[in-house]
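Residue numbers are given in the working numbering: position 263 of the sequence shown equals residue 248, and the series is strictly consecutive. To start, the structure itself, in structure tokens.
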Amino acid sequence: MTAYRAAWTWSEPGDLRAGDWLVVERGRVRDLTARPPAEARRIDLGDGLLLPGLVNAHTHLELSFLHGLTPPPAGDFVAWLEGLVRTRPGHDHLDAREATRRAARQARESGTVLAGDITNTFRAQEPAWEEGLHTVSFGEAIGPQRSQPPEPSLTWREGVLQASAVAAHAPYSVPDWRLKALKLQAGAQPFCIHLAESRAEVELVAGRGEEGLRLRQFLSERGMNLDDLVFHGPRPLAHLLALGVVDGRTLLVHGVQLTAGEMAQVAERGASLCLCPRSNLGLTGAIAPVEAALAAGVNLCLGTDSLTSSPDLSLWPEMATLLRVFPALAPEAVLTMATLGGALALGLAEHFGSLRPGRLAQAAFRPLPAGLAKSEVLPQALGEPGQVQPLDLRGQSQVN
Ligand SMILES: [Zn+2]
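Listed below in structure tokens is the structure:
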């Protein structure tokens, strides 16, 4: 049994403490207390903030090799898609594997412990596992038959989670009948879908507008049968609601174009929404209406998206970006998105996202200046770039 003390510990929303001890036993959190058991070995981490390991709820690890090869996002979503599919084929698999491994390592070094990872190949699972990054690999279906996801599963392999779940690419790229079948296949596991990411998507579903036409043309050139595109509502979310695929186990990603009214509908269904602030800004010039989502009670989480639309896989700049664009947001709300919000969205809050008793003892430590007032801790930790230290406190006696 070991007890770790930092000047500050944030264990979960509403719980920022000064100087308590995090007691770890057999790889899991046992307690957070002012008086650790006498038999516990004590380690003082010093000035800084101890927090749960971060959850990157949306990334595409297998695209890491494209970093710097695709045109940088310049606010034109369809042009970026075209660049991506032009560049993706024809790269050596071993290079891709090494790039994935590097990306997973960087994510771990920035304090991320768990990733919701979209995949068409499942090739990132192994390198991510080797780097100790827990993953939920969302096998992503596109079009009427491409990339059939395997059955969902949840396995621990030498202390590292290797789960598989089901994803559909987007409302406009998977036929209605297949979306329903995929959601059914997802069962009790999370079901992930990109939603309302761009204006092009909204226009395509509405059947009018120049951006929508360009996206439609792109799909047709990629071999999508446009007769398959039958929409059951005037907007992307309405379409998914009509199909019955939005519920408490649905993880919607991006939602840039969702309205305040639609946020209320998302909240009503209990679905989660993942924001990818830097990717969203780069590809579309905007981020979802975050304050409306919070006011409606949507479970929000954070993702980096892939290295084709983000410079790195660290969630710290994502949090800082969100606070810069929405200065009225409480830093704690943003930290919640990067921890518990992600764990809830992935259905894994019993293991990740907080330092409550029973959770995996994987944390991050953010060194901070001494003598901060309590109200200064989270703004300082999240608002400015700084060093982060991943802390795997599970020691040798790992249990799941
Ligand atoms: Zn994505």
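Virtual Cβ for every residue (Gly too), placed ideally from N, Cα, C.
Practice item. Indicate whether M209 and S158 have their beta-carbon atoms separated by less than 8 Å. Key: yes
Exercise for review: On a CA-only basis, which of P134, R207, K168 and F216 is nearest L189? Give me that one, please.
Suggested key: For L189, the nearest C-alpha among the options comes from F216.
Review point. So which of D16, G60 and R26 has the shortest CA-CA distance to G270?
Key: G60
Practice item. Inspect the CB distances between the region 73 to 87 and the region 11 to 27 and report whether three or more fall short of 8 Å. Key: no
Review point. What does a CB cutoff of less than 6 Å around V384 pick up in its chain, not counting 5 residues either side in sequence?
Key: For V384, the predicted model reports a pLDDT of 40, less than 50, meaning its position is unreliable; a value from the coordinates is still stated below. Setting aside the 5 residues that flank it on each side, V384 is surrounded in the same chain by R11 and G12, each with a C-beta closer than 6 Å to its C-beta; the list follows chain order.
Point to revise | CA nearest to the CA of W141, picked from G192, L236 and E115 | key: E115
Practice item. Tell me whether the beta-carbon of D290 lies closer than 8 Å to the beta-carbon of T44. Key: Result yes, Cβ atoms of D290 and T44 sit closer than 8 Å.
**Study point:** Residues near S382 by beta carbon distance below 8 Å, same chain, minus five either side
**Key:** Low per-residue confidence applies at S382: pLDDT is 40, beneath 50, and the placement is therefore not dependable enough to give any value.
Review point. What residues sit near ligand 1, counting only those whose C-beta is closer than 6 Å to one of its heavy atoms, in chain order?
Key: H43, H45, I103, H179, V238 and D290
Point to revise | Stretch-stretch touch, CB-based, cutoff 8 Å, three pairs: the region 196 to 203 with the region 241 to 249 | key: Output reads no: the region 241 to 249 does not touch the region 196 to 203.
Review point. How long is the line joining the alpha carbons of A191 and A126, rounded to whole angstroms?
Key: 23 Å
Review point. Under the three-state reduction of DSSP, which class applies to D232: helix, strand or coil?
Key: coil
Practice item. Decide if T97 is buried, meaning its Cβ has at least 16 other Cβ atoms within 10 Å, or exposed. Key: buried
Exercise for review: Identify whether N385 lies in helix, strand or coil by the three-state DSSP scheme.
Suggested key: Caution is warranted here: a pLDDT of 37 is assigned to N385, below 50, making its placement in the model unreliable, and the coordinate value is therefore given only provisionally. N385 falls in the coil class under three-state DSSP.
Practice item. With F176 as the anchor, note down where its beta strand (DSSP E) starts and where it stops. Key: Here the beta strand (DSSP E) through F176 covers F176 to L180.
Point to revise | Same chain, Cβ closer than 7 Å to F203, five either side skipped, listed in chain order | key: V63, L66 and E67
Check your understanding: What beta strand (DSSP E) runs, 3 residues minimum, are completely inside the region 269 to 327?
Key -> Considered as a whole, the region 269 to 327 harbours 284 to 287 as its complete beta strand (DSSP E) runs of no fewer than 3 residues, in chain order.
Review point. When you compare each of R193, T306 and H119 to S295 by their alpha carbons, which one comes out closest?
Key: Measuring from the Cα of S295, the nearest candidate turns out to be T306.
**Study point:** Unbroken alpha helix (DSSP H) run spanning P112, endpoints
**Key:** Taken as a continuous stretch (DSSP letters only), the alpha helix (DSSP H) holding P112 covers Q110 to E115.
Check your understanding: Just to confirm, are L314 and V283 a CB contact at a threshold of 8 Å?
Key -> no
Exercise for review: Count the CB pairs spanning the region 0 to 9 and the region 17 to 26 that are closer than 8 Å, and state whether there are at least three.
Suggested key: yes
Exercise for review: Give a yes or no on whether the C-beta atoms belonging to T324 and G343 are separated by under 8 Å.
Suggested key: no
Check your understanding: For E10, which beta-bridge partners are listed by DSSP?
Key -> R13
Check your understanding: Between R71 and F50, what straight-line distance do the alpha-carbon atoms span, to the nearest angstrom?
Key -> 14 Å
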